[in-house]
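Visitor:
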Amino acid sequence: MSYLAEQDRQQRITLLVILGLGSLMIWHAPFGALLLYPFTILSTWFHEMGHGLSAILMGERFDSLVIYPDGSGVAMSLVSPDRTALQDAIIAAGGPIGPALAGAALIASSRTMKGTRIALAVLGAALLLTTAIWVRSVTGWLVLPIAGVAILAIARNANADQQRFAIQLLGVQAVISVWAQSGYLFTQGGMLGGMPQISDTGAISAALGLSYWFWAIVLSAINIAILWWSLRYAFRR
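With full-length UniProt numbering applied, the sequence shown closes on residue 237, and no number is skipped along the way.
#1: Please determine if the segment 86 to 99 and the segment 61 to 68 are in contact, where contact requires at least 3 C-beta pairs separated by less than 8 Å.
#2: Report the three-state DSSP secondary structure of Asp200 (helix, strand or coil).
#3: Taking buried to mean at least 16 other C-beta atoms within 10 Å of its own C-beta, is Pro99 buried or exposed?
#4: To which residues does DSSP link Ile67 through a beta bridge?
#5: By DSSP's criteria, Gly59 is part of a beta bridge. Which residues make up the other side?
#6: Cβ of Ala216 versus every heavy atom of the ligand COA: is any distance shorter than 8 Å?
#7: Per DSSP, which one or two residues make a beta bridge with Leu78?
#8: Helix, strand or coil for Gly189? Go by DSSP, reduced to three states.
#9: Quick check on Gln87: buried or exposed, where buried means 16 or more other Cβ atoms within 10 Å of its Cβ?
#10: Would you tell me roughly how many angstroms separate the C-alpha atoms of Met1 and Ile167, rounded to the nearest one?
#11: With a Cβ-Cβ cutoff of 9 Å, do Ala121 and Ser110 count as a contact?
#12: Count the CB pairs spanning the segment 24 to 40 and the segment 57 to 64 that are closer than 8 Å, and state whether there are at least three.
#13: Less than 9 Å separating the beta-carbons of Gln163 and Arg117?
#14: Apply the 10 Å Cβ neighbour rule to Leu21 and answer buried if 16 or more other Cβ atoms are within range, or exposed otherwise.
#15: Between which residues of its own chain and Leu210 is the CB-CB distance below 7 Å, once the five residues before and five after are set aside?
#16: Counting along the chain, where does the alpha helix (DSSP H) carrying Thr139 start and finish?
#17: Run the CB neighbour count on Gly221, radius 10 Å, all protein chains shown included, and call it buried at 16 or more, exposed below.
What follows is the structure, given as C-alpha cells:
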C-alpha cells in the first residue's frame, strides 16, 4: 500500500472516531438529541431491536416496538413464566450489545464495495420491514421509513466513496448508541413514557447478581472492543 493510501486510511479512521465522539458530546449537550434527531431515533431502533431479536433467540415472542418523540423507546416481548435468569440477562444485554454487533457488521462490510452495497441495502430494507412488523408508534412510523428510503437511495445512487463513508458512519453510530444515554446505562433505572423502568444493567444485575455498575463497565468494554475490531478489519491492508 502506498504512503498516500496509508495516509488516507488513517485519516478515514480518525474522522470516524471524531464523528463518533462528537456525536456523543452533542447527544449529552442541551438539545443535542434534537440536533441529531434522525440518529437519535436510529440509535433507539438499534437498541430496542437488540432486545427484541434477543428475545426471539431465547425462544420468546417479540411483540412490538415503541419509539417516543423524545427518542426513548421500549421493546415489548411476551415471555414465558418458566424462563431462566440467564435468558432474562441475555434479553436485557441484547439492547446494549446487539447494536454493537450490527454496527461492527456494517463497518466490516465496508472492506469491499460489494459488501458495502449489500449492507446498505439490507439496512434500508430492515428499517422498512421492521417498521411494518413491529413498530407501534407515530414517531417510528414517520422517521424510520424515511431513514430506510434514504439509505436505499444511497445504495443505489451514491458513488463508492459516499457509500463506504455512509455505512461506516452508520456502523459507528450503532456501536456508540449504548452511550447515547449513559445515565441510563449506569443507573438501576429511570422514567420511560412517564413510568418507572429498570435499566438494562439493572435487569442483568437482578438476574445474575453483582452491581449494575459492574455490568455497565463490562458492556462498555465489550462495545469498545467490538468497535476497535471492526475498524481494524475494515481498514486492514
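Just so it is clear, CB atoms sit at the ideal spot from N, CA and C, and this is done for glycine as well.
Guide: According to the data block:
#1: No, the segment 86 to 99 does not touch the segment 61 to 68.
#2: Helix.
#3: Classification of Pro99: buried, given that the 10 Å Cβ count is 16 or more.
#4: Answer by DSSP bridge pairing, in chain order: Gly73.
#5: Secondary-structure assignment with DSSP links Gly59 through no beta bridge to anything.
#6: Inclusion of the ligand COA in the displayed structure is not the case, the ligand content being empty and no account of it being possible.
#7: Answer by DSSP bridge pairing, in chain order: Arg61.
#8: Gly189 falls in the strand class under three-state DSSP.
#9: When all chains shown are included, Gln87 counts as buried.
#10: Residue placement at Met1 is flagged as unreliable, the pLDDT there being 40, under the threshold of 50; a coordinate-derived value is accordingly withheld.
#11: Not in contact: Ala121 and Ser110 (Cβ atoms no closer than 9 Å).
#12: Because the criterion of three Cβ pairs below 8 Å is not met, the segment 24 to 40 and the segment 57 to 64 do not touch.
#13: When the beta-carbon positions are compared, Gln163 and Arg117 come within less than 9 Å of each other.
#14: So Leu21 ends up on the exposed side.
#15: So no residue of the chain qualifies.
#16: Run containing Thr139: Val138 to Asn157, per the alpha helix (DSSP H) assignment.
#17: Note that residue 221 is Ala in the sequence shown, not Gly. Result: exposed.
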